[in-house]
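Q: Dropping the structure in here first, questions after.
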């Protein structure tokens with residue numbers, strides 16, 4: 042099997058592509074090619090240049106140097122619509138749906154079907170239905186507002202929208218990061234079909250098992266350079282990770298300490314909310330990391346929000362260190378020592394245009410103020426400590442937090458909460474769209490915080506992560522906790538079986554549905 | 280820092296441009312008066328102090344407006360909050376005049392704040408409604424009998440008299456400015472204001488009591504409008520209906536010309552200060568040039584649009 046791509050049949054070929062942003066090198070002399078009928082994974086840490094590569098191919102930004110050939114002809118796309126016209130379609134990491142428009146409107150937003158010059162709503166709806174059916178998601182109602190769909194389904198709509206542009210080269214930039222397991226399967230099937238139809242597919246994901254399952258070929262990028270391209274099976278996962286980060290990594294997850302009987306920190310009794318949470322009881326001891334697993338949208342996020350005082354009308358009891366608390370707002374939750382790293386760091390976790398220091402200090406201003414006045418000496422010291430503790434890579438604390446990479450932004454969100462010395466830390470999928478190196482740092486940090494006595498409730502869509510990080514995992518299904526897995530029971534098979542709410546043998550053996 | 284002088288921060292650029300434009304207005308006005316009358320009255324301290332005194336009323340209103348704009352809201356009830364405060368102050372009279380006037384403003388601000396923060400009505404609608412209600416109440420107030428409209432001596436002293444040649448109104452404006460600057464830069468409340476303006480959801484999830492902060496901001500804005508009303512009544516020796524009508528748009532314009540983002544989250548108070556001076560001088564120079572009212576309005580509007588174009592389009596939304 043040749044590991045060097047035969048360039049004569051390349052559908053897309055880049056040569057010598059370079060790009061700088063305000064003096065910072067994003068891509069440097071990149072040669073890259075991909076073929077029809079192949080799924081080609083692009084791997085690399087955040088900041089490795091993957092996104093810039095994609096943006097150049099999709100016409101969002103123009104390269105400073107180099108040439109791009111599509112089916113043998115030299116092209117340069119001045120805009121995404123020019124790229125679309127040539128059959129290059131990209132599904133970006135950030136969702137681009139208009140929240141208040143319907144699914145059908147969104148799917149046809151660029152070129153709605155017309156009748157007598159006016160938009161033909163019926164044709165538009167049929168088109169949306171057909172495209173959603175192609176992905177196998179007929180259950181999405183095209184007349185629903187995008188806002189009302191769960192994140193996973195919005196991502197599906199995004200994919201349908203891209204399909205509607207009849208791609209010859211389809212680029213998925215972390216487009217599966219928000220998908221539930223069920224939807225991921227559908228998208229895989231769709232990608233396989235497109236592949237057989239001869240579409241070239243570029244696939245970017247931080248999830249190694251997805252890449253292993255899907256990709257025919259992979260290219261690794263690091264620091265703006267193309268490091269290596271190889272065919273499926275030529276490199277082990279460890280090799281790939283090594284290529285991506287360029288340094289040794291000892292273990293993927295920090296070791297779990299021998300289980301100790303910590304005092305109960307958080308206890309939930311019969312927590313219910315509007316039919317979305319159904320009599321949830323759960324105990325977390327000091328020093329424990331408890332995972333929340335299951336398919337997406339089974340109430341895990343609502344549970345975290347309920348504990349953080351965001352939801353109205355929650356019934357049942359929440360005990361923190363044996364004292365009942367009723368947090369009616371995040372401010373009240375913070376006062377009893379609860380912290381939440383929210384789902385979407387860019388809209389819920391950070392004030393993006395504000396400085397790193399402002400973002401870090403916002404939750405703990407009460408502690409570093411004298412009367413109404415912020416004590417700037419205390420603030421500077423606290424900000425410095427937080428940056429050092431999480432090893433956040435920054436220029437200056439006064440830089441806008443938007444200038445940081447995704448991984449470092451997430452560190453800022455976490456550091457902000459650690460500055461409040463929380464006893465209970467709620468994490469809502471904190472590693473979504475974050476590079477491998479930063480993920481490992483976060484895992485280590487979680488264990489360190491637990492060792493210092495915090496109770497951690499950790500929701501993740503990545504089963505691997507739950508198994509590697511958690512002392513115990515509670516699997517949710519339809520608003521209930523259906524099973525708690527611990528110790529040797531904590532296997533992927535058991536998690537999946539419980540997530541689908543099907544019986545598995547107790548020893549975690551065979552559970553094929 | 281050396282780099283600061285080379286590359287201006289995005290908050291400082293509009294302020295510098297506005298300051299330069301003030302010089303352009305003064306220069307153009309002076310050239311005109313020199314050619315026409317052979318003198319340069321615009322550059323005399325007397326003229327400038329008088330302009331600042333007039334600017335003080337707008338300045339106090341704009342200070343409050345800026346706080347509300349910073350959290351991404353707007354207060355359209357300013358005109359009749361101002362008028363109501365002035366009218367109630369004069370009709371009560373005596374030593375209670377000023378406290379009653381200010382209390383009216385704080386109360387209207389409280390109502391606005393509750394409506395926006397707790398009832399979740401968009402501020403543009405809610406404050407517009409409150410403005411109409413206040414107007415109706417004031418018409419009813421003056422309709423039944425003839426209340427006293429003369430300003431008290433203290434109000435006149437505060438607004439018109441001078442100490443060491445400097446109008447008292449300027450001291451009031453300066454005091455308000457110092458309070459606002461300290462609040463925005465040194466207090467936790469100030470940080471919360473910017474945080475809410477940038478991303479209310481993120482501030483809320485960081486445990487900031489966003490509703491309380493919103494109410495406080497509207498109360499400050501109402502109080503500032505009332506203070507301006509009391510001063511203005513003192514300056515013109517009486518309160519009258521519609522006295523606040525000329526203050527709403529100039530106040531918003533001053534804030535925006537000063538570089539504050541109309542959608543909230545960004546802006547420095549120094550900019551608002553300069554925006555107020557710019558607007559007052561522009562008005563004054565246009566009237567010296569005996570520009571007819573229609574022309575003045577056109578130029579005034581064009582200047583605002585032009586300034587915002589010069590500041591550059593809003594940055595593209597980076598999600």
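Residue numbers (the working numbering), protein chains in the order written: chain C, 42 to 554; chain H, 280 to 598. Glycine included, every Cβ here is placed at the ideal spot set by N, Cα and C.
What residues in the segment 387 to 406 of chain C bring their beta carbon closer than 8 Å to a beta carbon of chain H?
A: 387, 388, 389, 390, 391, 392, 393, 394, 395, 399, 402, 403, 404, 406
Q: Using 10 angstroms around the beta-carbon of residue 52 of chain C, count the other beta-carbons present and answer buried if the total reaches 16, otherwise exposed.
A: Taking the first chain and counting its residues from 1, the one referred to as residue 52 of chain C is at position 11. So residue 52 of chain C ends up on the buried side.
Q: Taking its Cβ as the centre, do 16 or more other Cβ atoms sit within 10 Å of residue 532 of chain H, making it buried, or is it exposed?
A: In the second chain, counting from the first residue as 1, residue 532 of chain H sits at position 253. Classification of residue 532 of chain H: buried, given that the 10 Å Cβ count is 16 or more.
Q: Can you tell me which of the three DSSP states residue 513 of chain C falls into?
A: For the purposes of this step, residue 513 of chain C is taken as the residue at position 472 of the first chain. DSSP places residue 513 of chain C in strand when its eight states are reduced to three.
Q: For residue 325 of chain C versus residue 82 of chain C, is the C-beta distance shorter than 8 Å?
A: Here residue 325 of chain C corresponds to residue number 284 of the first chain, with the count starting at 1. Here residue 82 of chain C corresponds to residue number 41 of the first chain, with the count starting at 1. Going by C-beta atoms, residue 325 of chain C is not nearer than 8 Å to residue 82 of chain C.
Q: Taking the alpha carbon of residue 338 of chain C as the point to measure from, which residue in C/204, C/190, C/511, C/148 has its own alpha carbon closest?
A: On the first chain, position 297 is the one that residue 338 of chain C refers to. Of C/204, C/190, C/511, C/148, the smallest CA-CA separation from residue 338 of chain C is found for C/190.
Q: Please compile the residues from chain C whose C-beta is within a distance smaller than 7 Å of the C-beta of residue 480 of chain H.
A: By 1-based counting over the second chain, the position of residue 480 of chain H is 201. Near residue 480 of chain H (Cβ distances below 7 Å), the residues of chain C are 388, 389.
Q: Short of 8 Å in beta carbon distance, which residues of its chain neighbour residue 587 of chain H, apart from the five on each side in sequence? Order them along the chain.
A: Within the second chain, numbered from 1, the residue matching residue 587 of chain H stands at position 308. The residues are 535, 536.
Q: Taking the straight line between their C-alpha atoms, what separation do you get for residue 468 of chain H and residue 285 of chain C?
A: Translated into the one-based positions of the second chain, residue 468 of chain H becomes position 189. Translated into the one-based positions of the first chain, residue 285 of chain C becomes position 244. Taking the straight line joining both Cα atoms gives about 44 Å.
Q: Going straight from the alpha carbon of residue 203 of chain C to that of residue 152 of chain C, what length do you get?
A: Position 162 of the first chain, counted from the start, is the residue given in the question as residue 203 of chain C. Position 111 of the first chain, counted from the start, is the residue given in the question as residue 152 of chain C. Answer to the nearest angstrom: the Cα atoms are 12 Å apart.
Q: Quick check: the Cα distance between residue 281 of chain H and residue 290 of chain H, rounded to an integer number of angstroms?
A: For this step, residue 281 of chain H is matched to residue 2 along the second chain. For this step, residue 290 of chain H is matched to residue 11 along the second chain. With a pLDDT of 38 at residue 281 of chain H, under the threshold of 50, the modelled position of that residue is not reliable, and the figure given next carries that caveat. When rounded, the distance between both Cα atoms is 17 Å.
Q: Could you work out which residues of chain H lie near residue 381 of chain C, taking near to mean beta carbons separated by less than 7 Å?
A: Within the first chain, the letter at position 340 stands for residue 381 of chain C. The answer, in chain order, is 484.
Q: Output needed in chain order: residues of the segment 372 to 398 of chain H with a Cβ under 8 Å from some Cβ in chain C.
A: none
Q: Could you tell me the distance, in whole angstroms, from the CA atom of residue 402 of chain H to the CA atom of residue 532 of chain C?
A: What you label residue 402 of chain H is simply residue 123 of the second chain in a count that begins at 1. What you label residue 532 of chain C is simply residue 491 of the first chain in a count that begins at 1. When rounded, the distance between both Cα atoms is 53 Å.
Q: Any C-beta of chain C within less than 8 Å: which residues of the segment 330 to 354 of chain H qualify?
A: none
Q: What are the residues that DSSP puts in a beta bridge with residue 267 of chain C?
A: For the purposes of this step, residue 267 of chain C is identified with residue 226 of the first chain, where counting begins at 1. Answer by DSSP bridge pairing, in chain order: C/262.
Q: For residue 372 of chain C, which residues in chain H fall below 8 Å Cβ to Cβ?
A: On the first chain, position 331 is the one that residue 372 of chain C refers to. Neighbours of residue 372 of chain C on chain H, chain order: 486, 487, 488.
Q: Per the DSSP calculation, residue 214 of chain C is bridged to which residue(s)?
A: For this step, residue 214 of chain C is matched to residue 173 along the first chain. DSSP, once it has assigned bridges, lists C/245 as partnering residue 214 of chain C.
Q: Please name the residue or residues paired with residue 305 of chain C in a DSSP beta bridge.
A: Start at 1 with the first residue of the first chain, and residue 305 of chain C comes out as number 264. DSSP output for residue 305 of chain C lists C/326 as bridge partner(s).
Q: What three-state label does DSSP hand residue 360 of chain C in the structure shown?
A: Residue numbering aside, residue 360 of chain C sits at position 319 when the first chain is read from its first letter. Strand, per DSSP.
Q: Using 8 Å as the threshold, is the segment 447 to 464 of chain H in touch with the segment 376 to 387 of chain C, meaning 3 or more CB pairs across them?
A: Because the criterion of three Cβ pairs below 8 Å is not met, the segment 447 to 464 of chain H and the segment 376 to 387 of chain C do not touch.
Q: Quick one: which chain A residues come within Cβ less than 7 Å of residue 468 of chain H?
A: Among the protein chains of the structure shown, namely C and H, there is no chain A.
Q: If we count the other Cβ atoms within 10 Å of its Cβ and call it buried at 16 or more, is residue 584 of chain H buried or exposed?
A: Position 305 of the second chain holds residue 584 of chain H. Exposed.
Q: Residues in the segment 409 to 438 of chain C with C-beta within 7 Å of chain H's C-beta atoms, listed in sequence order?
A: 410, 413, 414, 415
Q: Mind checking whether residue 147 of chain C and residue 187 of chain C have CB atoms under 8 Å apart?
A: Locating residue 147 of chain C in the first chain gives position 106, counting from the first residue. Locating residue 187 of chain C in the first chain gives position 146, counting from the first residue. In this structure, residue 187 of chain C lies closer than 8 Å to residue 147 of chain C by Cβ.
Q: Measure the alpha-carbon distance for residue 286 of chain H versus residue 293 of chain H and round it to whole angstroms.
A: The sequence position of residue 286 of chain H within the second chain is 7, counting from 1. The sequence position of residue 293 of chain H within the second chain is 14, counting from 1. In this prediction, residue 286 of chain H scores a pLDDT of 48, lower than 50, which makes its location untrustworthy; no coordinate-derived value is stated.
Q: If contacts are defined as beta-carbon pairs under 8 Å, then residue 590 of chain H and residue 296 of chain H qualify, I think. What distance do you get, rounded to the angstrom?
A: Numbered from 1 along the second chain, position 311 holds the residue referred to as residue 590 of chain H. Numbered from 1 along the second chain, position 17 holds the residue referred to as residue 296 of chain H. Right, the Cβ-Cβ distance comes to about 7 Å (below 8 Å), so this counts as a contact.
Q: Name the chain H residues that come within less than 8 Å of residue 202 of chain C, Cβ to Cβ?
A: Sequence index remark: in the first chain, residue 202 of chain C carries index 161 (1-based). Those do not exist, as residue 202 of chain C stays about 17 Å from chain H at its closest Cβ, beyond 8 Å.
Q: In or out: residue 489 of chain H buried (at least 16 other Cβ within 10 Å) or exposed?
A: Your numbering for residue 489 of chain H matches position 210 in the second chain. Residue 489 of chain H is buried by the Cβ-count criterion.
Q: Measure the C-alpha to C-alpha separation of residue 291 of chain C and residue 515 of chain C and round it to an integer number of angstroms.
A: Position 250 of the first chain, counted from the start, is the residue given in the question as residue 291 of chain C. Position 474 of the first chain, counted from the start, is the residue given in the question as residue 515 of chain C. Since pLDDT at residue 291 of chain C reaches only 46, below the 50 mark, its modelled position is unreliable, and the value read off the structure follows with that caveat. Going from the Cα of residue 291 of chain C to the Cα of residue 515 of chain C covers about 28 Å.
Q: State the DSSP-derived secondary structure class of residue 336 of chain C, mapped to helix, strand or coil.
A: As a first step, residue 336 of chain C must be located in the first chain, where it is residue number 295. If DSSP states are grouped into helix, strand and coil, residue 336 of chain C belongs with coil.
Q: Classify residue 539 of chain C: buried if its beta carbon has 16 or more other beta carbons within 10 angstroms, exposed otherwise.
A: The residue given as residue 539 of chain C occupies position 498 in the first chain. Buried: at least 16 other Cβ atoms inside 10 Å.
Q: Spell out the partners DSSP gives residue 434 of chain C in its beta bridges.
A: One-based indexing of the first chain puts residue 434 of chain C at position 393. None; residue 434 of chain C has no bridge partner.
Q: At 9 Å on the CB atoms, spell out the chain C contacts of residue 548 of chain H, in chain order.
A: One-based indexing of the second chain puts residue 548 of chain H at position 269. Within chain C, no residue comes near residue 548 of chain H; the closest Cβ sits about 17 Å away, beyond 9 Å.
Q: Taking residue 498 of chain H as the reference, give the member of H/530, H/384, H/548 with the closest Cα.
A: Here residue 498 of chain H refers to the residue found at position 219 of the second chain. Here the closest residue by C-alpha is H/384.
Q: Which whole-angstrom value is the C-beta distance of residue 352 of chain C and residue 498 of chain C, which I expect to be below 8 Å?
A: As a working mapping, residue 352 of chain C is identified with position 311 in the first chain. As a working mapping, residue 498 of chain C is identified with position 457 in the first chain. No, residue 352 of chain C and residue 498 of chain C are not in contact; Cβ-Cβ is about 15 Å, not under 8 Å.
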